[in-house]
Amino acid sequence: MKAVIQRVSKASVTIDGNIKSSIQKGLLILLGVAIGDTKEDVDWLVKKIIQMRIFDDEKGIMNLSVKDIEGDIIIVSQFTLLASTKKGNRPSWINAAPHSLSIPLYEYFCKKAEELLGKPVGTGEFGADMKVELLNDGPVTIVIDTKNKE
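FYI, the numbering for the sequence shown is -16 to 133, going by the numbering used here.
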């Protein structure tokens, strides 16, 4: 499972011209589910993200989590994070999980994020053509892969 975490001043997801989700200060999380990912991967990743201290404290030091600042989160499924670019110029999606695995794990990820954050999170729509807008704050962008936990 791969996640791209972006600290944002604002973000939104639009589908067919309609805003599906929008937030102010918080995190935009792009999530890719790989073959072999499990609920244990989700549990580890969500906890890591919610507790990650990437927001400034009163001294301007990154020392606060999204929960500490009472920030918001949008989670967008993005299978393209699992692209294999080893051969040729056309990416392969061979490492991306099929819908039968990725949809339930994406939904579980969103549910766990809501539980740990203590409030609803915004989402995209699985498989939809989404327009994602964000104002990256910092910029702060972090990539986490559950295959590299140690």
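All C-beta atoms in this analysis are idealised placements derived from N, C-alpha and C, irrespective of residue type, glycine included.
It should be emphasised that the depicted structure is a prediction, and the values quoted were computed from it without experimental measurement.
Environment of residue i [buried if 16+ CB atoms lie within 10 Å]
| i | result |
| --- | --- |
| residue -1 | exposed |
| residue 121 | exposed |
| residue 68 | exposed |
| residue 60 | buried |
| residue 71 | exposed |
| residue 107 | buried |
CB contact flag (residue i, residue j, <8 Å)
| i | j | result |
| --- | --- | --- |
| residue 128 | residue 80 | no |
| residue 33 | residue 50 | yes |
| residue 52 | residue 104 | no |
| residue 4 | residue -5 | yes |
| residue 55 | residue -11 | no |
| residue 11 | residue 117 | yes |
| residue 91 | residue 30 | no |
Presumed contact (8 Å Cβ cut-off) between residue i and residue j, rounded CB distance
| i | j | result |
| --- | --- | --- |
| residue 109 | residue 86 | 6 Å |
| residue 130 | residue 25 | With a Cβ gap of about 14 Å, residue 130 and residue 25 do not count as contacting. |
| residue 15 | residue -15 | 4 Å |
| residue 183 | residue 78 | The requested residue 183 is not part of the displayed model; the chain covers only -16 to 133. |
| residue 126 | residue 37 | Wrong, their Cβ atoms sit about 13 Å apart, outside the cutoff. |
| residue 28 | residue -13 | That pair is no contact at about 12 Å. |
| request: Take every Cβ of the segment 103 to 118, pair it with every Cβ of the segment 31 to 46, and state whether three or more of those distances are shorter than 8 Å. | output: At 8 Å Cβ cutoff, the stretches do not touch.
| field | Whole beta strand (DSSP E) elements within the segment 43 to 124, 3-residue minimum | value | Look at the segment 43 to 124 and you find these whole runs of beta strand (DSSP E), each 3 residues long or longer: 45 to 47 and 55 to 60.
| request: Pick out the complete beta strand (DSSP E) segments inside the segment 5 to 30, 3 residues or longer, and give them in chain order. | output: Segments of the beta strand (DSSP E) lying fully in the segment 5 to 30: 9 to 15.
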